[in-house]
Amino acid sequence: AAEDFFLGLMTTSLGPTEILAEIRVPVLTGKCGAAYLKLPQKASGFAIVGIAAWVKLGKGGMVQDIGVGVTGLSAKPFRAKGLENRLRGQKLSKALLEETAKQVTDGIDPLEDIHASAEYRA
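The sequence shown begins at -5 in the numbering used here and counts up by one.
What follows is the structure in structure tokens.
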């Protein structure tokens, strides 16, 4: 799992003689969608903050399953599990998404560097 692979800023669990050769991503089926958005650092294009999300809707447009990954906010990428749990079983709306988006930073000490302050990243 990604949680085990990413150890910290620019650090993975790969040994000095290992390379990552393959990533398998399951095909989404049913009423699903996915997206990745980032706020790029202008010179490099790397994400100051990035969000990857996928959602599967069930009967009545209720969130059956969801995954939200965040990069650039802390020392390593992470799943926003609190946000996922809050949205699972709910009918998506703009108001609900705006409310729960604030939960992404819960329990996270945002990075601060020359590219962005912690407040800006959050």
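Glycine included, C-beta positions come from ideal geometry on N, C-alpha and C.
Under 8 Å, Cβ to Cβ, is there at least one residue of chain D near residue i?
i: V43; result: Structure shown: chain D not included; a single protein chain is present.
Do residue j and residue i have their beta-carbon atoms positioned less than 8 Å apart in this structure?
i: L86; j: W48; result: no
i: R80; j: T94; result: yes
i: V62; j: Q84; result: no
i: L77; j: R115; result: no
Taking DSSP as the reference, what is the three-state secondary structure of residue i?
i: F(-1); result: helix
i: T127; result: Residue 127 is absent from the structure shown; the chain starts at -5 and stops at 116.
i: L113; result: It should be noted that the sequence gives Glu, not Leu, for residue 113. Correct three-state label for E113: helix.
i: A15; result: coil
When burial is assigned at 16 or more other CB atoms within 10 Å of the CB, is residue i buried or exposed?
i: K3; result: According to the sequence displayed, residue 3 carries Leu and not Lys. So L3 counts as exposed.
i: A28; result: exposed
i: A(-4); result: exposed
Starting from residue i, follow its DSSP beta bridges and name the residues at the other end.
i: L90; result: DSSP lists no partner for L90.
What residue ranges within the stretch 21 to 93 form continuous alpha helix (DSSP H) runs of no fewer than 4 residues, ordered along the chain?
Counting only unbroken stretches of 4 or more residues, the alpha helix (DSSP H) elements lying wholly within the stretch 21 to 93 are 75 to 81, in sequence order.
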